[in-house]
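Numbering (our numbering), first residue to last: 9 to 202. The beta-carbon is built from N, C-alpha and C at its ideal position, and this holds for glycine as well. Quick caveat, the model's predicted, so the values are computed rather than measured.
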């Protein structure tokens, strides 16, 4: 970024850093110790819906790559669409296999990026739950390279538990690169993997 960019207030966009995903297992230990949430084993990658043969080929490659892992039950990744028109590649693991789940999410993101679908990538999430059955997701914003917590209220309404989200932010500030702009903490109502 040059002097003219600084004077005109232009900023360089943050480059995606998929390696940030590998911080999730250590953040999960903190999350369990401080707030009592443990991984569900579910995670997903969200992207703007893509049609065509190139995407179908990429999806088959991701399936084949993750299918090579014999330590899995069920399909390697499931392609789903939500009610808002976005596509999700969902991975399921045992709750104690968070590092493998993170590897899955990294592989899906990397494959989509390598095949030219990087601009369509929106976010990745990993689901957590506590003993009372409350749900929480740690969401990685692809275009920002940051995380934020998303905690829907358990009553089924499209409302969130802002106090819990702020507690998670405070607890994980040393483990993850947390998105400071809370206006970017988008709700993910009905997200697969949550």
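Take residue 56 and list the residues in its own chain whose beta-carbon comes closer than 7 Å to its own, dropping the five residues that flank it on each side.
94, 128 and 130
List, from N- to C-terminal side, the beta strand (DSSP E) runs of 3 residues or more that fit wholly inside the segment 39-122.
46-56, 86-89 and 94-100
Skipping 5 residues on each side, what residues in its chain have a beta carbon closer than 6 Å to that of residue 137?
48 and 143
Taking only the alpha-carbon atoms, compute the straight-line gap between residue 91 and residue 117 and give it to the nearest angstrom.
22 Å
Cβ neighbours of residue 51 in the same chain (closer than 6 Å, five flanking residues each side left out)
99, 109, 113, 134 and 201
Let me know the alpha helix (DSSP H) ranges lying completely inside the segment 115-201, each 4 residues or longer, listed in chain order.
170-180
Per-residue DSSP class, three states only, for residue 25
coil
Cα-Cα separation between residue 159 and residue 39, rounded to whole angstroms:
13 Å
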